[in-house]
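2 protein chains.
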Amino acid sequence: MELDEDSPSDWDEDDELLDVSSFGVAKWQRNERNDSRNDGSSTSRRRRDVFHDILSMDSSSQYDDFHTIDWVRDIQKYRNQRKDVLKAKKDSRKALIYSYLYRGAGWLVISLVGLATGFCAGIIDIGASWMSDIKLGICVNAFWLNQEECCWVQNNTAFGEEGCSEWYTWSEVFGHSTIDAGSYILNYIFFVMLSVIMAFLAVIFVRAFAPYACGSGIPEIKTILSGFIIRGYFGAWTLVIKSITMVLAVASGLSLGKEGPLVHVACCCGNLFAYLFPKYHQNEAKKREILSAASAAGVSVAFGAPIGGVLFSLEEVSYYFPLKTLWRSFFCALVAASVLRWINPFGTDHLVMFYVEYNTPWSFYELVPFSVLGILGGLYGVLFIKLNLWWCNYRKSSNLKRHPVLEVVVLALITAIISYPNPYTRQSSSRLIATLFKECGPEDDIDLCDYKRNFTRVDQSIYPTAEAGPGVTNALWQLSLALVVKAALTVFTFGIKVPAGLFIPSIAVGAIAGRIAGVVMEQVAFNNPSWFDSCSATGKCVTAGLYAMVGAAACLGGVTRMTVSLVVIMFELTGGLVYIVPLMVAVVISKWVGDAFTKGGIYDGHIELNDYPYLDSKREFIHNTLAADVMRPRRGSPELTTFTQDNMTVEDIEMLVSETTFNAFPVVVSKESKRLVGLVYRKELVQALKKSRNKYNAVSQSKVCFTNEMPLHPSPDSPSPINLLYIVDQSPFQVTDQTPANTVVEIFSKLGLRTCLVTQNGTLHGIITKKDVLGHIGALESIHPESMLFQ
Amino acid sequence: MELDEDSPSDWDEDDELLDVSSFGVAKWQRNERNDSRNDGSSTSRRRRDVFHDILSMDSSSQYDDFHTIDWVRDIQKYRNQRKDVLKAKKDSRKALIYSYLYRGAGWLVISLVGLATGFCAGIIDIGASWMSDIKLGICVNAFWLNQEECCWVQNNTAFGEEGCSEWYTWSEVFGHSTIDAGSYILNYIFFVMLSVIMAFLAVIFVRAFAPYACGSGIPEIKTILSGFIIRGYFGAWTLVIKSITMVLAVASGLSLGKEGPLVHVACCCGNLFAYLFPKYHQNEAKKREILSAASAAGVSVAFGAPIGGVLFSLEEVSYYFPLKTLWRSFFCALVAASVLRWINPFGTDHLVMFYVEYNTPWSFYELVPFSVLGILGGLYGVLFIKLNLWWCNYRKSSNLKRHPVLEVVVLALITAIISYPNPYTRQSSSRLIATLFKECGPEDDIDLCDYKRNFTRVDQSIYPTAEAGPGVTNALWQLSLALVVKAALTVFTFGIKVPAGLFIPSIAVGAIAGRIAGVVMEQVAFNNPSWFDSCSATGKCVTAGLYAMVGAAACLGGVTRMTVSLVVIMFELTGGLVYIVPLMVAVVISKWVGDAFTKGGIYDGHIELNDYPYLDSKREFIHNTLAADVMRPRRGSPELTTFTQDNMTVEDIEMLVSETTFNAFPVVVSKESKRLVGLVYRKELVQALKKSRNKYNAVSQSKVCFTNEMPLHPSPDSPSPINLLYIVDQSPFQVTDQTPANTVVEIFSKLGLRTCLVTQNGTLHGIITKKDVLGHIGALESIHPESMLFQ
């Protein structure tokens with residue numbers, strides 16, 4: 001059963017794995033709508049009846065849904081197209097203008113994608129911040145303002161936990177002006193009710209309009225960028241629904257973030273604008289260059305970190321990343337960040353709520369607690385990945401998968417009930433992180449900043465370390481509780497059927513742990529100032545906010561196993577090179593600890609969970625297997641199905657095609673010599689045969705040949721032969737059967753191959769598809785789990 | 001003449017092209033010394049007598065000098081080695097420790113390289129700054145201090161052009177205490193004399209001890225990292241001599257910088273530490289991972305920009321850059337930067353002299369002058385590249401190449417004579433750039449800062465735009481003169497036989513042009529404040545220093561065609577995200593303008609000039625040629641020299657080997673069928689035959705076979721056959737003759753191949769080497785110069 005890569009029956013399972021089958025008919029409607037919207041294929045169809053399908057489809061769409069693309073052929077197609085365009089430019093003025101448009105299309109698309117991404121991010125930021133606050137109350141005279149803006153308008157900058165005069169909690173709206181048990185309960189009820197309603201709306205919207213809008217999207221983006229086709233995943237409908245439901249999901253207080261989904265939204269923008277230009281729309285490989293840049297823009301607006309975004313795209317998401325893309329990704333990320341800064345969603349001139357700016361020095365000895373945070377972050381990552389995957393597996397195998405709405409509603413209910421009493425879980429995660437990253441100043445009157453300080457010198461920028469008051473102890477208890485709650489809820493939340501990112505919850509968990517460690521260290525330093533060399537200079541020994549930041553980096557590193565991009569993102573969040581060493585130490589240790597227990601981050605885990613055909617180029621395996629072990633047919637299996645170059649009839653070929661499900665058939669000189677001529681693709685073959693029958697009056701007995709020399713007519717009665725050499729790919733990739741499997745994997749991942757033929761002493765022996773490679777790796781991994789090395 | 005890739009006669013020309021032949025015997029001595037030092041090959045040898053060579057050489061060195069490496073085989077070799085090490089770790093405790101050492105070697109080497117690079121850079125920075133000042137005078141009581149330090153020690157922070165009391169100009173040392181014509185002339189003479197002496201010493205050292213130490217080294221580093229072998233280029237001797245002569249060359253006042261050479265020094269450190277670990281020392285492909293990281297560290301210390309360094313390595317220098325390298329490069333760059341910060345060579349806590357920190361806003365309309373600077377920068381780049389390449393070509397073809405010392409001395413003399421009268425060319429380029437980047441404050445009493453200002457509000461951080469005084473007009477004239485002088489001298493300087501970087505002169509030229517534009521704009525703004533929206537807010541309309549920075553980026557972009565890395569480096573120099581948009585606009589426009597006139601930057605030009613075998617992965621060509629057009633033998637040439645698998649004798653093979661210069665021979669099943677069995681490499685073949693003759697008593701008539709089945713003895717009298725299957729590479733790369741040449745180029749550059757076989761219908765037709773690919777590209781380029789596209 002060679003060459004059945006991507007055969008429909010195989011990827012049918014995927015439907016379920018993608019977890020969209022449960023949405024029933026809606027999915028296909030959506031798919032068809034998106035098909036016609038994004039890919040221009042006008043015929044809607046189901047994948048089951050493939051032969052009929054291929055016959056009836058238009059020729060414009062090169063790949064079927066859930067198929068793998070062939071990078072080398074696509075890039076070659078693009079080169080030929082470009083050559084034609086450049087050659088034609090001398091012919092007419094119109095062609096000249098077109099050639100300039102053609103060459104400038106990349107920059108144009110990138111600019112548009114950047115603009116759109118920045119714009120979407122701005123709206124989402126404003127919406128999420130307003131909706132999060134609406135759970136607690138409303139701005140009476142200007143309901144469209146969130147709590148902070150409402151109080152700003154009133155010049156009430158120092159609003160405390162109760163808000164300012166214009167901001168009414170729900171109990172106040174309903175007349176309970178005093179703070180008593182009744183009003184507390186009323187607020188509590190409103191909080192829980194609104195949370196559940198938002199979550200319900202989010203999941204209903206996703207379910208009804210765009211099933212692909214659920215989750216963080218990063219595992220799917222990685223898979224798609226590696227060369228897989230999932231139609232509609234970046235559709236306009238997905239964009240709209242994901243943007244709306246993201247706001248609802250974040251506002252509902254569920255333990256999730258909007259950073260991952262923002263990358264998905266950015267990629268949707270990328271896909272939509274790529275649709276405007278045939279250069280990108282018709283070429284899946286070129287389109288992925290735009291998507292790479294878009295994902296950089298997504299991270300850029302999510303964290304206000306353009307350089308970090310580019311590195312994220314390079315390190316984590318992209319597969320095929322030519323240097324041209326680096327430059328364009330950077331441009332795209334920068335445009336998006338500039339638009340977002342212009343929108344200024346938080347009114348702070350910063351792109352994220354938790355931007356901090358301090359540069360108090362740190363002591364060399366503090367690397368010890370930072371390393372401990374790194375170890376803890378790594379362990380947290382391992383635990384989180386294991387538990388989350390266990391829960392997702394349970395969800396897939398149990399009845400739970402049939403009730404996604406109920407699951408979300410129940411989770412939102414539990415989250416809201418647990419969250420409200422604790423002030424650190426009640427506020428939105430972004431605001432919590434901002435609180436934890438910040439240093440305590442004289443204007444902060446929260447428990448966490450209850451230090452016994454003498455604030456006479458208000459102009460001072462660095463506040464000396466002081467003794468903690470009772471409020472700090474109280475805050476530490478609440479933070480510890482929040483840590484447990486957040487960590488537990490995130491395990492169950494990542495994977496539910498609403499847009500759900502993982503960055504913010506991971507950062508929150510890490511920041512809580514780090515801040516607790518920071519406060520403890522601070523008190524140690526206060527009691528033993530001689531241990532810290534920075535104490536003597538400024539009186540400021542330990543920056544508790546820095547510990548929160550290091551903890552956040554460690555946890556996020558443990559969960560996602562990002563490295564450079566994570567450090568750069570955190571560094572762009574602080575705007576100073578001072579803390580790059582602590583961050584790096586924490587991230588590197590967290591990664592080492594994590595890698596010792598589980599291979600790969602949470603995204604790799606979810607890719608594996610969903611059986612996506614993702615060939616990880618970062619993975620190496622150390623077996624002695626050869627191409628002969630990877631190829632089909634296996635030893636002892638029936639021979640490879642091949643065509644001979646000059647003695648088959650139309651009927652023979654049609655029979656072979658309908659009897660098998662292979663996507664490609666090798667053509668050989670003769671059955672005996674098995675010398676390779678080329679490869680014929682099923683889709684093109686079926687079309688060519690149909691055309692021959694309709695246009696050239698070919699009959700079942702017509703000879704088909706794949707050679708330069710037409711055979712002579714055997715007799716005047718026999719039908720004239722047809723030549724199909726023009727559909728033969730005469731440059732298929734070949735390796736010998738003695739090629740090490742490592743090298744085969746490298747060729748597949750570096751060149752982005754779809755199929756490769758295996759020869760021995762010049763004769764064709766077998767064929768390797770991307771799926772065979774993935775299957776081989778999977779089989780070896782399950783036998784020897786230690787044999788896989790992540791680099 | 002197929003397969004003559006890297007044959008000695010071919011690369012003999014290279015000797016001259018590398019411009020080391022003129023150094024005569026010294027080169028070979030050096031080469032041998034470095035050979036034994038770096039590569040462990042104990043036998044010194046000349047390349048001319050290759051056959052004898054190969055017979056007598058030890059087997060440890062896999063490649064010859066000036067040969068191309070085979071990435072795929074090297075990586076496969078490494079994988080096998082790693083597998084053995086990991087497998088053995090269960091055997092004994094020693095093996096276990098070794099396996100940990102083996103796995104940790106990468107991080108260890110990287111850390112050491114970072115430390116060494118930071119240390120070297122610190123020493124070079126201190127040395128260059130002291131030696132630059134010694135031309136002007138001396139610190140009487142502490143001769144080891146430079147002017148700035150000398151005055152600091154005396155608490156004379158505000159030293160002007162005449163220096164402080166402790167700093168004696170040479171005329172003062174010799175008793176001329178008054179400032180008159182006599183002392184001026186005395187100082188002038190000392191300046192010129194010392195400049196010439198330093199330049200003379202630099203060129204003599206390079207000539208006598210390490211010819212490879214000349215130039216910037218970046219074209220060679222690019223070539224070596226792409227998989228070429230130049231023995232001794234990263235040797236210990238090169239490191240020492242380059243470090244010393246770099247200081248001398250910079251101090252001599254020649255129009256050159258130390259930034260490029262610092263990358264070379266970092267790579268030398270990388271090579272030396274890689275030598276300590278067999279994992280890297282014995283594997284050229286793995287060694288290049290270390291060199292990639294080292295080059296990042298080099299840029300990191302050159303500009304104090306660790307992230308920029310990593311991106312430079314990724315964008316400009318590296319060829320094979322797995323993601324693992326990204327992370328390690330970052331670490332290496334960070335370690336180097338930390339060490340340099342600890343050394344603190346300038347006493348300012350910053351890693352470069354021209355670090356600036358300001359963030360006054362810029363207006364949207366200023367993008368117009370920034371774009372103009374971008375255009376000018378691009379044009380400057382084009383002009384510079386053309387003139388410099390013309391001059392280098394002239395040097396190569398004229399008698400000038402025989403007198404490198406004289407050339408350097410004369411150039412130093414002219415430079416010194418022209419430079420002294422103008423204060424902006426008299427000071428070192430770094431200091432000039434620092435002056436131009438900086439904003440004028442109340443403490444600056446130089447001409448350029450002669451504004452009619454009211455400095456009562458000294459506490460203010462932003463100084464309002466003011467009317468220019470007569471000093472500014474004077475300074476502008478001097479700067480214009482300096483611009484012309486610097487630009488002209490750099491054309492003749494880049495390429496001389498001392499360490500000579502291009503970054504600093506380019507930045508200086510750009511900064512001068514930018515500063516002039518900035519001052520002009522400033523005066524326009526002062527007279528029309530309503531045109532600039534930022535004027536109303538702070539009174540500060542135009543930041544002249546920002547224009548200098550933008551101009552510098554534009555010029556450097558035009559000359560080198562760097563993009564992301566350049567923007568990131570400039571951004572790290574300023575420490576703020578505010579100016580990233582102006583910088584990006586200037587760089588992108590400069591690149592567009594430059595690319596419209598010349599393809600590729602100055603480094604690509606020098607690679608081409610020197611005919612280095614560099615296969616640029618950024619380059620694409622749009623021809624319809626096929627693999628059949630690239631391969632040897634050409635149509636009509638004699639057939640490919642092949643071995644048959646079972647009917648040749650030892651004598652046959654030895655004759656074929658000695659008659660040809662090919663590096664590899666394909667093995668086929670039979671002359672008739674030409675079905676491919678594998679590839680035999682000359683080096684291994686010669687060794688195997690020698691071993692067979694010596695150990696297994698093979699005689700000339702012995703049959704040699706390359707099969708699994710040994711043939712039967714034809715008769716008892718005939719000698720027993722020998723089987724050499726074990727030296728056959730049974731997994732050579734193959735493409736069909738119909739494969740587009742584009743795809744062939746892509747395979748070669750992405751996989752790092754050395755040779756690839758060409759088949760047609762299963763029979764062997766020809767062979768393609770990296771040199772054939774380069775030759776094909778070169779041939780097409782010379783016929784259709786427009787056909788090459790840089791991306």
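Note that the protein sequences, when read in sequence, are chains A and B. Taking UniProt numbering, the leading residue of the first sequence gets 1, the next gets one more, and so forth. Taking UniProt numbering, the leading residue of the second sequence gets 1, the next gets one more, and so forth. Positions of the beta carbon are idealized from the N, C-alpha and C atoms, including for glycine.
Discussion item. On the criterion of 16 or more Cβ atoms from any shown chain inside 10 Å, does A199 of chain A qualify as buried, or is it exposed?
Written reply: buried
Discussion item. Just checking: is the beta-carbon of H776 of chain A within a distance shorter than 9 Å of some beta-carbon in chain B?
Written reply: no
Worksheet item: Can a CB atom of chain B be found closer than 9 Å to the CB of T780 of chain A?
Response: The sequence given here places Leu at residue 780 of chain A; Thr does not occur at that position. No, its Cβ sits nowhere closer than 9 Å to a Cβ of chain B.
Fill in: Below-9 Å beta-carbon distance, R675 of chain A vs any chain B residue
yes
Worksheet entry | Member of A:G510, A:G766, A:A487, A:T490 whose CA lies at the smallest distance from the CA of T641 of chain A | A:G766
Item to complete: Assign I189 of chain A to one of two classes, buried (16 or more other C-beta atoms within 10 Å of its C-beta) or exposed (fewer than that).
Response: exposed
Practice prompt. Out of A:V310, A:E746, A:G762, state which residue places its alpha-carbon closest to the alpha-carbon of V735 of chain B.
Written response: A:G762
Worksheet item: Who are the near neighbours of T223 of chain B in its chain, counting only those whose CB is closer than 8 Å to its CB and skipping five residues on each side?
Response: Excluding residues within five positions, the ones whose Cβ falls inside 8 Å are I230, I607, Y612, P613, Y614.
Worksheet item: How big is the Cα-Cα spacing for P442 of chain A and F66 of chain A?
Response: 58 Å
Practice prompt. List the residues of chain A that I110 of chain B touches, going by C-beta distances under 7 Å, in chain order.
Written response: Contact annotation for I110 of chain B against chain A: no contact, minimum CB-CB distance about 12 Å [criterion: below 7 Å].
Worksheet item: Which partner residues does V137 of chain A have in the DSSP bridge list?
Response: A small fix is needed here, since residue 137 of chain A is Gly in this sequence, not Val. Bridge partners of G137 of chain A: A:T169.
Fill in: Three CB pairs or more closer than 8 Å across the region 414-422 of chain A and the region 336-343 of chain A
no
Worksheet item: Nearest to G384 of chain A by alpha carbon, out of A:S617, A:W130, A:F597?
Response: According to the sequence provided, residue 384 of chain A is Phe. The question's Gly does not apply to it. If we check each option's Cα against that of F384 of chain A, A:F597 comes out closest.
Fill in: Reduced DSSP secondary structure (H/G/I, E/B, other) of R453 of chain A
coil
Worksheet item: Between L676 of chain B and S658 of chain A, what straight-line distance do the alpha-carbon atoms span, to the nearest angstrom?
Response: Straight-line Cα distance between these residues: approximately 34 Å.
Worksheet entry | Presumed contact (8 Å Cβ cut-off) between G752 of chain A and V72 of chain A, rounded CB distance | Going by Cβ atoms, the distance from G752 of chain A to V72 of chain A rounds to 7 Å, so yes, they are a contact pair.
Item to complete: Could you spell out the range, first to last residue, of the beta strand (DSSP E) harbouring residue 793 of chain B?
Response: Residue coverage of chain B in this structure runs from 1 to 791, which leaves residue 793 of chain B outside it and unanswerable.
Practice prompt. Taking all protein chains shown into account, decide if T360 of chain A is buried (16 or more other Cβ within 10 angstroms of its Cβ) or exposed.
Written response: By the Cβ neighbour-count rule, T360 of chain A is buried, with 16 or more other Cβ atoms within 10 Å of its own.
Discussion item. I want to see whether chain B comes within less than 9 Å of F665 of chain A, judged by CB atoms only; does it?
Written reply: No, no contact with chain B.
Discussion item. Can you confirm whether the region 305-316 of chain B touches the region 539-557 of chain A when touching is taken to mean that 3 or more C-beta pairs between the two stretches lie within less than 8 Å?
Written reply: no
Worksheet item: When the cut-off is 9 Å and only beta carbons count, does residue 806 of chain A lie next to chain B?
Response: The requested residue 806 of chain A does not occur in the structure, where chain A is confined to residues 1 to 791.
Practice prompt. Could you pull the start and end residues of the alpha helix (DSSP H) that C150 of chain B belongs to?
Written response: 147-153
Worksheet item: Is any beta-carbon of chain A found at less than 9 Å from that of T755 of chain B?
Response: no
Discussion item. Can you list, in chain order, the residues of its chain with a C-beta nearer than 7 Å to that of R328 of chain A? Leave out the 5 residues immediately preceding and following it.
Written reply: Excluding sequence neighbours, R328 of chain A sits near G106, I110, A293.
Worksheet item: Between which two residues does the beta strand (DSSP E) containing T736 of chain A stretch?
Response: 734-736
Practice prompt. Note down, in chain order, each residue of its chain lying with its Cβ closer than 6 Å to the Cβ of I433 of chain B, except the 5 sequence neighbours on either side.
Written response: Contacts found: F354, I507, A508, A511.
Worksheet item: Can a CB atom of chain B be found closer than 9 Å to the CB of W152 of chain A?
Response: Cβ-Cβ to chain B under 9 Å: no for W152 of chain A.
Worksheet item: For the region 321-339 of chain B, which residues have a CB atom closer than 8 Å to at least one CB atom of chain A, in sequence order?
Response: P322, L323, K324, L326, W327, F330, F331, L334, S338
Worksheet item: Is the distance from the Cβ of V408 of chain A to the Cβ of L254 of chain A below 9 Å?
Response: Yes, they are a contact pair.
Discussion item. Give me the chain B residues within the contact set of E315 of chain A, using Cβ-Cβ distance strictly less than 7 Å, ordered along the chain.
Written reply: L323, L326
Worksheet item: Where DSSP assigns a beta bridge to M648 of chain A, which residues make up the other side?
Response: Paired residue(s): A:V704.
Discussion item. I need the straight-line Cα distance from V299 of chain A to S565 of chain A, nearest angstrom please.
Written reply: 10 Å
Worksheet item: Contact between the region 574-594 of chain B and the region 390-404 of chain B: three or more CB pairs below 8 Å?
Response: no
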